[in-house]
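Sequence lines, in order, name chains A and B.
Just so you know, the first sequence maps onto residues 0 to 559 in numbering that gives the first Met the number 0.
Just so you know, the second sequence maps onto residues 0 to 199 in numbering that gives the first Met the number 0.
The beta-carbon is built from N, C-alpha and C at its ideal position, and this holds for glycine as well.
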Amino acid sequence: MYRYDAYDQRIVDERVAQFRDQTRRYLAGELTDDEFRPLRLQNGLYVQRHAPMLRVAIPYGLLSGRQLRTLAHIARKYDRGYAHFSTRQNIQYNWPALETVPDILADLASVQMHAIQTSGNCIRNITTDQFAGVAPDEIQDPRPWAEILRQWSTFHPEFAFLPRKFKIAVCGSREDRAVILVHDIGLQLTTNAAGETGFRVYVGGGLGRTPIIGSLIREFIEWQHVATYCEAVLRVYNRYGRRDNAYKARIKILVKALKPEVFAQKVDAEWAHLKDGPGTLTQAEVDRVSAHFRAPAYATLPALDADYGARRETDKAFSAWARRNVHGHKVPGYAAVTLSLKKTGVAPGDATADQMDIVADLAERYSLGELRVSHEQNLILADVRQADLVAVWQAARAAGLATPNIGLLTDIVCCPGGDFCSLANAKSIPIAQAIQQKFDDLDYLHDIGELDLNISGCMNSCGHHHVGHIGVLGVDKDGSEWYQISIGGSQGTAAALGDVIGPSFAADEVPGVVEKLIGTYLEQRTDEERFIDTVRRIGVAPFKTRVYGESANARKVANG
Amino acid sequence: MAKLIRGNAVVSDEWTLVALPVRDEPVKKQAGKAVLFKLTGEAAATDAEVAGVGIPGGKVIVPMSVWLGRHAELTARLAAGQLGVWLDSFEEPETLAASLHDINAFRVIAVNFPKFIDGRGFSVGRLLRERFGYRNELRAIGDVLRDQMFFFKRCGFDAYALRADRDAQDALAGLRDFSDPYQGAVDEPRPLFRRVARSA
């Protein structure tokens, strides 16, 4: 993984000093609330329902065991012994005191971490695929590019006060696990006819109030030019993005208003001035950064470890876990393992400090000292020998991290919702837990098969409900909480936005509605068809009829 | 009098800033908050408003719309080095550059930050320096605060009309928040990877 040199370290150290001084001035009354707000947000600090919430960056989801132990230490010392892994590969603390945040940042800086630009109207943490570097379908490792863009965007002087937040994702594999089509800029690594590396550039995707799939604005940008090209996109956005209405200020609104072709022309005109300038990347810099991500010295192992294979045949519980939570690896004899943060009864994405310590131990013992955070809010050990899988499973099971539900209905992606977040219209965690309880039977769960269920507590869509096969959105109606259900959304290469099935439901109705949707699927599916495939084939209507009855519109409408 | 920081020093300001008449516009509100921002390219003033602006003697910084609308009247003052111009955050430097042969005839160009969170002025600053070759004083005016000083400097500003209620020494410290930024900008066009040998 990327390790700081003296320059990187000084930048985060200077940030700690800067924020300590800003906090001091705020507490001394020298900065007003309005003046301090953008400053603290650019350090990931929100003022939430109960206390401030601090969002810490995990650049492209990669962590060392030592860093995770520090995150655990922070949870114990400054918070209530747990933290929440978010859908953007970050970690959030829900209870720190404002006065202690500079100290937390200093602790983070001691292990090469920070909270820079994790919120606010600036370029946010750059995200990528949680299987980067080990995925069998990888074209090229996206992490060096994510790191190069992280450095380019960190304290970029021109783009600290954009019209709205700005999210960039990089994908280096065939299957898009970084959801680049719903980012402000989505970069797909590719090669041209001459075999040179470059990027396909998508702009203006996003979820939130106005969900839009990104538009392809450039088929190929050579790797040398990726930073200057992004700079051109950002400059056009900074100048022309709407600032008169926060709900229309994302780049997607600008791209849509201008039409993607016209937006692309404006970017090209701007880029013509920046092309080949000093911001052009050099081979030396790409080599320097890439060296941090060089493949480790893997052992030469048989493609299938005999004991692992045998255990899968004989141990039903292990086999269920291996089927869902163990993933292919490009090196024979190795596997990637997902540790589930989706145990029934626990808020999706939450981990206790003790669990973090255990995962850090597992990473160091079995996975070359590193782990990843996925945007589905799970933790991944990316380099485990097959021969160690049983030991990893046993330790994970003892720590409540081995629920064999990855990619299944109870692997719910869920925002903190109304229990914590001051933006939320409705609670989301209790809905997730009620659904998990309803589908707690493992055989039933495995029979239902792959299903993405996403819950957001408001239209800001932190739970990515638009791209869930089943999406649940909390809405406010006359001061009470209702839930709108959509189906047919999907992430990945064939990203699509779900369709709302009809009027909203009260909280206690939601698990029953999900059960009806599943029932319809189980009746209608053909062999090998996943839930999403059935929805695509037969459409929304049969699901709707099952849920609302033939006289769907006769029902009292809570929210249209 | 408002404090002016020029380079690294607090100085007295010999220029008079000429404002546009304050218009009685309905305040747009959203979620209970006033929204003041105009879209880039919107007109700053009507012809009648431009015609009605009184311009005092001496060194003056006039609104871009006044410069564009009353060109003939101001040419002699420009030639005498007595004229500066200011752009609002929604005005385009392309328009200014196209309005005269040599942008360096202006001794001062100021860019207004109506609220510090309106970041368009940072792009305006870079364009004036990097695209249009402006070399004289580039001044940040408006909601100019300590915590944006570093960004102003990096985007080509070299004078800062600090908001009247703020401490100038404190603002000067803001110019030094970071020692070695990653990316190139006006003050140092080379990114870190071109300036130093970084080892893996």
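Exposure label - residue i; buried when at least 16 CB within 10 Å
i: TYR81 of chain A; result: buried
i: SER427 of chain A; result: buried
i: GLY6 of chain B; result: exposed
i: LYS543 of chain A; result: buried
i: VAL15 of chain A; result: buried
i: PRO58 of chain A; result: buried
i: ASP136 of chain A; result: exposed
i: GLY207 of chain A; result: buried
i: ALA302 of chain A; result: exposed
i: LYS265 of chain A; result: buried
i: GLN282 of chain A; result: exposed
Cα-Cα separation between residue i and residue j, rounded to whole angstroms
i: GLN168 of chain B; j: GLN147 of chain B; result: 14 Å
i: ARG241 of chain A; j: GLU269 of chain A; result: 19 Å
i: VAL185 of chain B; j: CYS154 of chain B; result: 5 Å
i: CYS420 of chain A; j: ALA346 of chain A; result: 14 Å
i: GLY194 of chain A; j: ALA145 of chain A; result: 21 Å
i: SER455 of chain A; j: CYS461 of chain A; result: 6 Å
i: THR492 of chain A; j: ASP532 of chain A; result: 15 Å
i: GLN435 of chain A; j: THR337 of chain A; result: 18 Å
i: THR74 of chain B; j: ASN135 of chain B; result: 18 Å
i: GLY327 of chain A; j: LEU380 of chain A; result: 12 Å
i: GLN17 of chain A; j: ASP7 of chain A; result: 15 Å
i: GLY417 of chain A; j: ASN459 of chain A; result: 13 Å
i: HIS463 of chain A; j: GLY448 of chain A; result: 20 Å
Simplified DSSP assignment, three categories, for residue i
i: GLY120 of chain B; result: helix
i: THR519 of chain A; result: helix
i: CYS229 of chain A; result: helix
i: GLY60 of chain A; result: helix
i: ALA557 of chain A; result: Note that ALA557 of chain A has pLDDT 43, beneath the 50 cutoff, so the model's placement of it is unreliable and no number is given.
i: ASN124 of chain A; result: coil
i: VAL46 of chain A; result: strand
i: GLU260 of chain A; result: helix
i: ASN424 of chain A; result: coil
i: THR544 of chain A; result: helix
i: GLU480 of chain A; result: strand
i: LEU370 of chain A; result: strand
i: ASN552 of chain A; result: Note on ASN552 of chain A: pLDDT 46, under 50, position unreliable in the model; the coordinate value appears next. If DSSP states are grouped into helix, strand and coil, ASN552 of chain A belongs with the helices.
i: ASP439 of chain A; result: coil
i: VAL474 of chain A; result: strand
i: ASN237 of chain A; result: helix
i: PRO23 of chain B; result: The question names Pro, yet the displayed sequence has Asp at residue 23 of chain B. In this structure, ASP23 of chain B counts as coil in the three-state DSSP scheme.
i: GLN111 of chain A; result: coil
i: VAL178 of chain A; result: coil
i: TYR6 of chain A; result: helix
i: GLU13 of chain A; result: helix
Test item: CB-CB of residue i and residue j under 8 Å
i: PHE160 of chain A; j: GLY118 of chain B; result: yes
i: ALA431 of chain A; j: LEU388 of chain A; result: no
i: GLY487 of chain A; j: ASN424 of chain A; result: no
i: ARG2 of chain A; j: GLN111 of chain A; result: yes
i: ALA362 of chain A; j: GLU369 of chain A; result: yes
i: ASP87 of chain B; j: PRO113 of chain B; result: yes
i: ALA177 of chain A; j: THR127 of chain A; result: yes
i: GLN187 of chain A; j: CYS170 of chain A; result: yes
i: LEU300 of chain A; j: ALA231 of chain A; result: no
i: LEU137 of chain B; j: ILE108 of chain B; result: yes
i: PRO162 of chain A; j: ALA256 of chain A; result: no
i: VAL235 of chain A; j: ARG217 of chain A; result: no
i: ARG54 of chain A; j: SER118 of chain A; result: yes
i: ARG145 of chain B; j: ARG175 of chain B; result: no
i: PRO415 of chain A; j: ALA506 of chain A; result: no
i: LEU182 of chain A; j: GLY204 of chain A; result: Here the sequence assigns His to residue 182 of chain A, which means Leu is not the residue at that position. It is a contact, given that the beta carbons lie within the stated cut-off.
i: ALA5 of chain A; j: ALA352 of chain A; result: no
i: ALA226 of chain A; j: LEU148 of chain A; result: yes
i: PHE115 of chain B; j: GLU157 of chain A; result: no
i: SER479 of chain A; j: ASP410 of chain A; result: no
Cβ of residue i within 8 Å of any chain E Cβ
i: TRP151 of chain A; result: No chain E is present in this structure, whose protein chains are A and B.
Let me know the beta strand (DSSP E) ranges lying completely inside the stretch 278-366 of chain A, each 3 residues or longer, listed in chain order.
333-338, 349-351
Residue ranges of each beta strand (DSSP E) within the stretch 58-98 of chain A, 3 or longer
61-63, 81-84, 90-92
Taking only runs of the beta strand (DSSP E) that begin and end inside the stretch 69-97 of chain B, which ones reach a length of at least 3 residues, in chain order?
82-86
Beta strand (DSSP E) runs wholly inside the stretch 106-151 of chain B, at least 3 long, in chain order
107-112, 136-141
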